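Engineer: Sending over a structure as structure tokens; questions will come in a sec.
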Amino acid sequence: MKKDINPKREGFSSSIGVIAAVLGSAVGLGNIWKFPYVTGANGGAAFILVYLLCVALVGLPVMLSEHLIGRHTKSNAVGAFKALEPRRPWFLVGGAGVLSAFLIMAFYTTVAGWVYAYIFKAAGGALISTKPEDTSRVFNSLVSGVGEPLFWQVFVLLVIGTIIMAGVTKGIERVTKLLMPLLFILLLIIDIRALTLPGAGEGLEFLFKPDFSKITVSVVLAALGLAFFKLSVGMGAMITYGSYVGKNENLPKMAVKVALADTLVSLMAGIAIFPAVFALGFTPDQGPKLLFVIIPAVFNSMPFGKVFMVLFFMLTAVAATGAMLSLLEVPIAYLTEQYRWTRRKATILTILGIGLLGSTATLSNSLFANVTVFGRTFFDFFDFTTSNVLLPIGGIFIALFVGWQWGYAKVKRELSNEGHLKNDGLFHVFIFLVRFVVPLAIVLVLLAGLNLIDPIIAFLRDNISF
Ligand code: TRP
């Protein structure tokens, strides 16, 4: 067996640094762009309740599973499975994760590019209006262009490539630790403005008063997919980050803290957006453009709006960048450790690959507007398939691995830091979740959400006679 464990690996240098990096991975466009638009498209409060259940019962256990695998093996997503189970093809789970990282980055860099562009649009005064028609026009002209959105996507790729080449501790830790608190404070300010808009109440009702008739299987699948995407789980990013975490960290505590803080940021983004949606005469189901048309309108209705707006898009860009670092780190760690590539070579080739794939997503509203894959544009295809298919499937296998394959006693030892933490009760809950709840819930939601249950029943009925 090739040795995957490298004693001289870099690592995060402190507990605060660890939390900041893991939170830096979780908090990103998922909170500020995706959470609001998916909530808006799926009916609001009832969706949020299902989402919270998915985070607690599925997302959290998978996150903890990934951290345990990563810290124990000190290896990348593929190497970790090879180290723990050299005889069976579990490493394919990590391999699928590396692939998912490319697919997510393909559309993530598109949206991050829009955010970077908006910093300059806001500063230049292009976004001065509270009217839906005006803010929509600015957005549409950006995304239906060719050169402009491509330029910003390339810009984004250059930024993250540079940070990643600087290395784990120095690059990732420093950037995220500094700017996360600032984003939080700014969201608080926007929330106060949004809540004091005349007519804000309707938006709050949309967010917090559940209408359970809105829950359908596709709504549940969207909630599950969002939980995976939000917590950065299901593809080995948390295995990779877990591999940089020290032996004394309390992993369950960290996972809970991260999930809580991440959810808080999402809800704050929701409060920034939905009151304004209703107060200013927009509709909640606008899809991916929601953030880009609502937020300028909110800022334009407040004093010093332009300054705050520039700051807002800057901090969103920072959050998106922290999240992208964790996505990029998955193929980079894989290529440098499994193939002994230099960090430089791995970064350059990965960025190039993402750029090529990602340009198809960026051009989904222009050159490739009529090209579809399984009935979706490139952008929507990458977005839907990763969150709603690949990450949940990855989650099933990660949970099954920890629940059934790795070994009960070994998992217990890793979860308790070799017995130093007294968390027996928690271990039992965790093992029950990863053995039964997580895999079953995901399988059911996937089959139902992708409309596969009826065909399966029909198949069984036709082929099995009782
Ligand atoms: N969680 C990030 C966000 O919400 C996106 C992200 C970063 C991610 N790393 C990931 C999603 C790994 C899935 C897997 O913006």
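Just so we're aligned, residue 1 is where the sequence shown starts under the numbering used here, counting upward by one.
Glycine residues also receive a C-beta, built at the ideal position from the N, C-alpha and C atoms.
Computed from a predicted model, the values in this text were never measured in an experiment.
#1: Residue range of the alpha helix (DSSP H) that Lys-230 falls in?
#2: Measure the Cβ-Cβ separation of Arg-71 and Ser-266 and say whether it is below 8 Å.
#3: How long is the line joining the alpha carbons of Lys-289 and Phe-139, rounded to whole angstroms?
#4: Considering just the uninterrupted stretch of the alpha helix (DSSP H) at Gly-353, what are its terminal residues?
#5: Assess, as a yes-or-no matter, whether the segment 276 to 285 is touched by the segment 194 to 213 under the definition of 3 or more beta carbon pairs within less than 8 Å.
#6: Within 8 Å, do at least three Cβ pairs link the segment 375 to 384 to the segment 395 to 406?
#7: Roughly how many whole angstroms lie between the Cα atoms of Ala-46 and Leu-158?
#8: Taking DSSP as the reference, what is the three-state secondary structure of Arg-376?
#9: Measuring only from the beta carbon, is Leu-391 closer than 7 Å to any heavy atom that is part of the ligand TRP?
#10: Could you pull out every unbroken alpha helix (DSSP H) segment of at least 4 residues lying fully inside the segment 96 to 166, listed in chain order?
#11: For the ligand TRP, any of its heavy atoms closer than 7 Å to the Cβ of Phe-510?
#12: Taking Cβ to Cβ, would you say Leu-186 is nearer than 8 Å to Phe-312?
#13: Taking its Cβ as the centre, do 16 or more other Cβ atoms sit within 10 Å of Val-307, making it buried, or is it exposed?
#14: Give a single yes or no on whether Ser-465 has its beta carbon closer than 7 Å to a heavy atom of the ligand TRP.
#15: Write down the C-beta distance between Ala-83 and Leu-29 rounded to the nearest angstrom, noting that I regard them as a contact closer than 8 Å.
#16: Hey, how far is the Cα of Ala-80 from the Cα of Ile-239?
#17: Kindly list the residues whose CB is nearer than 8 Å to the CB of Lys-3, restricted to its own chain and excluding five residues on each side of it in sequence; keep chain order.
#18: According to DSSP, is Met-1 helix, strand or coil?
#19: Take every Cβ of the segment 247 to 260, pair it with every Cβ of the segment 82 to 99, and state whether three or more of those distances are shorter than 8 Å.
#20: To the nearest angstrom, how far is the alpha carbon of Gly-449 from that of Val-437?
#21: Taking the straight line between their C-alpha atoms, what separation do you get for Met-254 and Ser-387?
#22: On a Cα-Cα basis, can you pick out the residue from Ile-16, Phe-368, Leu-421, Gly-40 that is closest to Phe-208?
#23: Whole-angstrom Cβ separation of Ser-100 and Leu-390, contact assumed at under 8 Å?
#24: What is the DSSP secondary structure of Phe-368, counted as helix, strand or coil?
#25: Output yes or no for whether 8 Å exceeds the beta carbon distance between Gly-17 and Lys-177.
#26: Less than 7 Å between the CB of Ala-237 and some heavy atom of the ligand TRP, yes or no?
#27: Taking 7 Å as the limit between beta carbons, can you name the residues of its chain near Tyr-334, skipping five residues before and five after?
#28: Using 8 Å as the cut-off, can you tell me whether the segment 404 to 423 makes contact with the segment 452 to 463, which would need three or more C-beta pairs spanning the two stretches below that distance?
Structural biologist: Taking the definition as stated:
#1: Locating residue 230 in the sequence shown gives position 230, where the first residue counts as 1. Element bounds for Lys-230: 217 to 230.
#2: As a first step, residue 71 must be located in the sequence shown, where it is residue number 71. As a first step, residue 266 must be located in the sequence shown, where it is residue number 266. No, the pair does not count as a contact, with Cβ atoms beyond the cut-off.
#3: For the purposes of this step, residue 289 is taken as the residue at position 289 of the sequence shown. For the purposes of this step, residue 139 is taken as the residue at position 139 of the sequence shown. About 7 Å.
#4: Along the sequence shown, read from residue 1 onward, the residue named residue 353 stands at position 353. In this chain, the alpha helix (DSSP H) harbouring Gly-353 covers 343 to 362.
#5: In short, these stretches touch, since the Cβ pair count reaches three.
#6: Taking 8 Å as the limit for Cβ pairs, the verdict is that the segment 375 to 384 does not touch the segment 395 to 406.
#7: As a position in the sequence shown, residue 46 is number 46, starting the count at 1. As a position in the sequence shown, residue 158 is number 158, starting the count at 1. In this structure, the alpha-carbon of Ala-46 lies about 40 Å from that of Leu-158.
#8: Start at 1 with the first residue of the sequence shown, and residue 376 comes out as number 376. In the three-state reduction of the DSSP assignment, Arg-376 falls in the strand class, which pools E and B.
#9: One-based indexing of the sequence shown puts residue 391 at position 391. In terms of side-chain proximity, the C-beta atom of Leu-391 is found nearer than 7 Å to a non-hydrogen atom of the ligand TRP.
#10: The segment 96 to 166 contains these whole alpha helix (DSSP H) runs: 132 to 143, 147 to 165.
#11: Limits of the chain in this structure are 1 at one end and 466 at the other, which puts residue 510 out of reach.
#12: What you label residue 186 is simply residue 186 of the sequence shown in a count that begins at 1. What you label residue 312 is simply residue 312 of the sequence shown in a count that begins at 1. The answer is yes: Cβ separation under 8 Å.
#13: Counting from 1 along the sequence shown, the entry for residue 307 is found at position 307. Answer is exposed; the Cβ neighbour count stays below 16.
#14: Position 465 of the sequence shown, counted from the first residue, corresponds to residue 465. Flag unset: Cβ of Ser-465 not near the ligand TRP.
#15: Counted from its first residue, the sequence shown places residue 83 at position 83. Counted from its first residue, the sequence shown places residue 29 at position 29. Ala-83 to Leu-29, Cβ: 32 Å. No contact.
#16: On the sequence shown, residue 80 is found 80 positions in, with the first residue counted as 1. On the sequence shown, residue 239 is found 239 positions in, with the first residue counted as 1. Ala-80 and Ile-239: Cα-Cα distance of roughly 8 Å.
#17: Taking the sequence shown and counting its residues from 1, one reaches residue 3 at position 3. Low confidence applies to Lys-3: its pLDDT is 42, below 50, so where it sits in the model is not reliable, and the reading given next is rough at best. For Lys-3, where only same-chain residues beyond five positions count, there are no Cβ hits under 8 Å.
#18: Position 1 of the sequence shown holds residue 1. The predicted model places Met-1 with a pLDDT of 38, which falls under 50 and marks its position as unreliable, so this point remains unresolved.
#19: Two segments are said to touch when three or more pairs of C-beta atoms, one from each, lie closer than 8 Å; by this definition the segment 247 to 260 does not touch the segment 82 to 99.
#20: Reading the sequence shown from its first residue, position 449 is the one you call residue 449. Reading the sequence shown from its first residue, position 437 is the one you call residue 437. Between Gly-449 and Val-437, the C-alpha separation is close to 17 Å.
#21: By 1-based counting over the sequence shown, the position of residue 254 is 254. By 1-based counting over the sequence shown, the position of residue 387 is 387. Inter-residue distance for Met-254 and Ser-387 is about 23 Å (C-alpha atoms, whole angstroms).
#22: If you number the sequence shown from 1, residue 208 lands on position 208. When each option's Cα is compared against that of Phe-208, the closest is Gly-40.
#23: The residue you call residue 100 lines up with position 100 of the sequence shown. The residue you call residue 390 lines up with position 390 of the sequence shown. Sure, about 5 Å apart at Cβ, within 8 Å.
#24: Walking along the sequence shown from the start, residue 368 turns up at place 368. In the structure shown, the three-state DSSP call for Phe-368 is coil.
#25: Numbered from 1 along the sequence shown, position 17 holds the residue referred to as residue 17. Numbered from 1 along the sequence shown, position 177 holds the residue referred to as residue 177. Yes, these two residues count as a Cβ contact at 8 Å.
#26: For this step, residue 237 is matched to residue 237 along the sequence shown. Look at Ala-237: its beta carbon is less than 7 Å from one of the heavy atoms in the ligand TRP.
#27: Translated into positions along the sequence shown, residue 334 becomes position 334. Excluding sequence neighbours, Tyr-334 sits near Asn-76, Ala-77, Val-78, Val-98.
#28: Put simply, the segment 404 to 423 does not touch the segment 452 to 463. Fewer than three CB pairs are less than 8 Å apart.
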